Amino acid sequence: MVNKPHPANVPARYIVSPDSFFSTNAEKTKLNCFLFEYAQQIESTIHRTKRLKGMLQRKGVGDSLIAGFCVHYSKHMKGQILDKLAGRIPNVEIGYDEIEAFFPEIGDRLVDRVLTAVAKAWDSQTKMCVICPTRCISERNKRAPMFDDPSYWE
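FYI, in my numbering the residues of the sequence shown are 16 to 169.
This is how it looks when you write it as structure tokens:
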């Protein structure tokens, strides 16, 4: 679920909503919380990169569609993360296929720019994991209390 954009007179907040990552209490896991944070990181990276955001807007991609993409791409990474943890693949790969599938009309150059933003967001997210005490990946199936605390994500 993607929230509606906030009015201009309200401080900017994420459009990506935590309820996009769970539909039941059982899905309020630390791994899903990690994916939520990654989606927020992608969204933030795109919005901070003014040229990229402007290029997307010129292609008709507004804030809600950007948020939808961030949720989609983040959820897409779940399988790779689990495969990496299970030893089925050597590395998690940030790829362009999901970007092209989600935005089929934006062209290769803009896909590359979105891919760069997605990769920067991944690097930023995983660097934070090193110092974060929550252990979203190693304790991936445990309940994430952050989903129940609106002050965490509002």
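Heads up, the beta-carbon is just placed ideally off N, CA and C, and yes, glycines get one too.
From a predicted model like this one, the values you see are computed outputs, not experimental measurements.
Here R158 carries a strand assignment [DSSP, helix/strand/coil]. Shown here, V107 sits in coil according to DSSP, grouped into three states, outside any helix or strand. In the structure shown, the three-state DSSP call for V31 is strand. Secondary structure note for N47: its alpha helix (DSSP H) is the uninterrupted segment K45 to R63. F36 is positioned such that its CB atom lies no closer than 9 Å to that of C151. Here S89 has L50, Y53, A54 and I57 as same chain residues with Cβ atoms under 7 Å from its own Cβ, once five neighbours each way along the sequence are excluded.
A Cβ-Cβ separation of about 17 Å leaves L80 out of contact with Y111 under the 8 Å criterion.
The DSSP assignment places 112 to 117 and 123 to 146 as complete runs of the alpha helix (DSSP H) inside the region 96 to 149, in order along the chain (cut-off: 4 residues). Under the three-state reduction of DSSP, K90 is assigned to helix. Of all alpha-carbon atoms in S166, R63, H91 and I30, the one lying nearest the alpha-carbon of D78 is that of I30. Taking each of R158, E108 and D123 in turn and checking the Cα distance to E115, the smallest one comes out for D123.
Taking C-beta atoms under 8 Å as the contact rule, K157 and K45 qualify, at a distance of about 5 Å.
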